[in-house]
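A quick write-up on the structure given underneath.
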Amino acid sequence: MEKINGTLNYNRVSYEDFKNHDGEIVNIVGYIHRIREMTGFSFVIIRTERDTIQCVYAPEFSTYRWDEKLCEEASVSVTGKVASSKDAKGNDRYELQIHDIKILSLPAENLPIVINKKQLDGIQLNTILDLRPISMRNPRERAIFKIQEGIARGFREYLSQNGFTEVRSPKINFAGAEGGTNVFKLDYFGKEVYLAQSPQLYKQALVGVYQRVFEIAPVFRAEHHDTSRHLNEYTSMDFEMGFIESFYDIMNMETGVLKYIMNLLKTEYKNEVELLHAEIPEITEIPVIKFMDAKDIIINKFKYQPTDMKDFDPSEEEMLGKYAKKEFNSDFIFVTHYPSKKRPFYTMDDPENPEYTLSFDLLFRGLEITSGGQRVHDYNEQVAKMKKLGMDPEQFATYLMLHKYGAPPHGGLGLGLERLTMHLLGFKNVREATMFPRDINRVTP
């Protein structure tokens with residue numbers, strides 16, 4: 168410790184670092200999460216940015232005396248002595264014997280919900296979302312988005328280590344990336360423009376610059392879905408890589424990404440994983456199946472008759488998840504060679520059968536979380552495909568610069584952050600894994 172302006176300044180430490188300060192005087196800051204008054208002493212639980220720390224007030228610890236203004240959700244600075252003990256399993260645990268509490272701020276009102284229990288029992292999801300700035304103070308709710316941080320962090324770290332450059336693409340575009348109608352229109356100084364459905368057109372262009380690029384950013388879909396798995400704004404984790412030999416290179420890169428993410432969660436987010444009882448999958452290899460073979464399994468093995476032979480409905484995805492678990496003991500399965508009619512204009516058709524594409528989806532425990540594939544890189548081929556789909560290539564002149572002036576074989580994918588978080592944590596609604604959801608009914612808070 169040191170003196171600043173004649174007063175003692177104790178080291179401010181995290182709970183994780185208490186083990187290095189046993190018996191020493193330290194300082195922490197946070198909210199008063201709970202006060203439990205006992206006979207002759209009180210437990211004061213302090214909620215920091217990641218932990219809840221048990222502090223103990225007793226008159227014999229110091230000359231400090233309890234301030235009656237102290238209450239739950241007051242912001243405080245607590246100085247005290249670190250004391251160690253053993254829990255029932257013999258593990259080390261630490262608490263802080265209070266020497267001083269400085270009030271930094273006091274709440275103007277009591278909280279509208281109880282947030283200092285392990286989870287928000289009996290509270291409707293809409294109420295939790297309406298009160299998101301408060302409900303996220305609950306340790307379990309807060310842990311959800313630390314896990315989500317770990318997923319995005321793992322994605323960024325792995326790709327950065329494998330030669331990818333992080334990029335930023337605009338979210339106001341001249342046209343929709345998917346060539347469809349599910350776009351949000353904007354009045355942009357008298358011109359009609361659109362919110363980005365995907366960074367697709369830009370990340371392809373940047374393959375011509377950096378060869379390998381990625382982005383973690385919001386995307387927008389003007390779809391009138393009011394389901395437990397759809398949002399109108401979500402976070403897409405995208406990458407694009409050039410000079411590929413086949414679209415299997417992309418799938419192999421995603422497998423590496425997911426292995427890294429899951430290992431990171433198990434090691435550096437262990438407390439959150441345990442708090443949420445999350446089942447983190449073990450990944451060795453991810454099985455691969457062709458689209459039509461998957462349809463055959465659904466029809467013959469599960470005795471289910473699909474209504475759409477160009478895509479999967481949610482029930483079919485669940486069946487494929489069960490198939491992957493039973494046959495391969497895998498929580499993941501790649502489905503490849505989707506029909507050309509269901510894939511965007513930039514997807515490369517299979518030279519051996521142009522009715523199908525060199526594309527894939529990744530299903531995780533029976534839910535699609537990724538869509539990707541190889542892109543058309545030849546200029547004439549791309550223009551021809553646009554015209555075949557009724558698109559005007561002249562409206563995509565800037566996009567076609569990549570192709571006109573030389574593009575390598577390339578491809579990539581988009582991975583939904585909220586969907587992956589939802590299914591990893593076993594939630595039934597993607598809004599539970601979204602900080603501030605935006606859907607057809609919600610634009611606040």
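Read in order, the letters of the sequence shown are residues 168 to 612 in our numbering.
Heads up, the beta-carbon is just placed ideally off N, CA and C, and yes, glycines get one too.
This one's a predicted model, so the numbers in the text were calculated from it and none came from an experiment.
Spatial neighbours of residue i within its chain, please: CB distance less than 8 angstroms, with the 5 preceding and 5 following residues excluded, ordered by chain position.
i: F690; result: Residue 690 is absent from the structure shown; the chain starts at 168 and stops at 612.
i: D189; result: V249, A250, S251, Y261
Within a Cβ cutoff of 7 angstroms, which residues of the same chain sit near residue i, ignoring the five residues on either side of it in sequence?
i: T565; result: none
i: S395; result: K595, N596, V597
i: E485; result: G533
i: H544; result: H570, A574, P575, P576, H577
i: A461; result: L487, V502
i: G343; result: V350, Y361, Q364
Under the rule that 16 or more other beta-carbon atoms within 10 Å means buried, what is residue i, buried or exposed?
i: N305; result: buried
i: N187; result: exposed
i: G173; result: For G173, the pLDDT reaches just 47, beneath the cut-off of 50, and the residue's location in the model is therefore unreliable, leaving the point undetermined.
i: Y523; result: buried
i: I536; result: buried
i: P604; result: buried
i: I607; result: exposed
i: L592; result: buried
i: S327; result: exposed
i: L587; result: buried
i: T206; result: exposed
i: D498; result: buried
Confirm, please, whether the CB-CB distance from residue j to residue i is below 8 angstroms.
i: I270; j: A225; result: no
i: I202; j: L584; result: no
i: G247; j: I192; result: yes
i: V386; j: A363; result: yes
i: F469; j: V502; result: no
i: M420; j: M404; result: no
i: L569; j: G375; result: yes
i: I195; j: V180; result: yes
i: F322; j: V424; result: yes
i: E324; j: Y427; result: yes
i: E390; j: N349; result: yes
i: F512; j: M558; result: yes
i: P448; j: M429; result: yes
i: L298; j: P279; result: yes
Counting only the same chain and skipping the five closest in sequence on each side, list residues whose C-beta sits under 6 angstroms from that of residue i.
i: H590; result: F531, R532, L534
i: K170; result: The pLDDT assigned to K170 is 46, lower than 50, so where the model puts this residue is not dependable, and the model offers no usable value.
i: A275; result: none
i: V610; result: none
i: D516; result: S507, T524
i: L373; result: V334, V380
i: I339; result: V360
i: D393; result: I607
i: L273; result: A241
i: K509; result: K477, D478
i: S229; result: H266
i: Q549; result: V543, H570
i: P366; result: S336, E382, D405
i: Y546; result: H570, K571
i: T215; result: G197
Would you grab the beta carbon distance between residue i and residue j for me? Rounded to a whole angstrom, and I think it's under 8 angstroms.
i: A310; j: E439; result: 4 angstroms
i: I268; j: V243; result: 5 angstroms
i: L287; j: E308; result: 7 angstroms
i: F356; j: Q378; result: 35 angstroms between Cβ atoms; not a contact.
i: E483; j: Y471; result: 7 angstroms
Answer yes or no: does any C-beta atom of chain D fall closer than 8 angstroms to that of residue i?
i: N467; result: Here chain D cannot be found, since the structure has a single protein chain.
Report whether the distance from the Cβ of residue i to the nearest heavy atom of the ligand ATP is below 7 angstroms.
i: K555; result: In the structure on display, the ligand ATP does not appear, and there are no ligands present to speak of.
Legend entry - Every unbroken alpha helix (DSSP H) within the segment 515 to 556, with a cutoff of 4 residues, ordered by chain: You should have 546 to 555.
Legend entry - In chain order, each beta strand (DSSP E) run of at least 3 residues that lies wholly inside the segment 181 to 214: Those beta strand (DSSP E) runs which fall completely within the segment 181 to 214 and span 3+ residues are 192 to 204, 209 to 214.
Inset, instruction - May I have a chain-ordered list of the alpha helix (DSSP H) segments no shorter than 4 residues that lie completely inside the segment 339 to 415? - result: The segment 339 to 415 contains these whole alpha helix (DSSP H) runs: 367 to 377.
Inset, instruction - Note down, one range per segment and in chain order, each beta strand (DSSP E) of at least 3 residues found wholly within the segment 252 to 296. - result: Qualifying beta strand (DSSP E) stretches, in chain order: 259 to 272.
Inset, instruction - Let me know the beta strand (DSSP E) ranges lying completely inside the segment 429 to 489, each 3 residues or longer, listed in chain order. - result: Taken in chain order, the whole beta strand (DSSP E) runs of length 3 or more contained in the segment 429 to 489 are 455 to 457.
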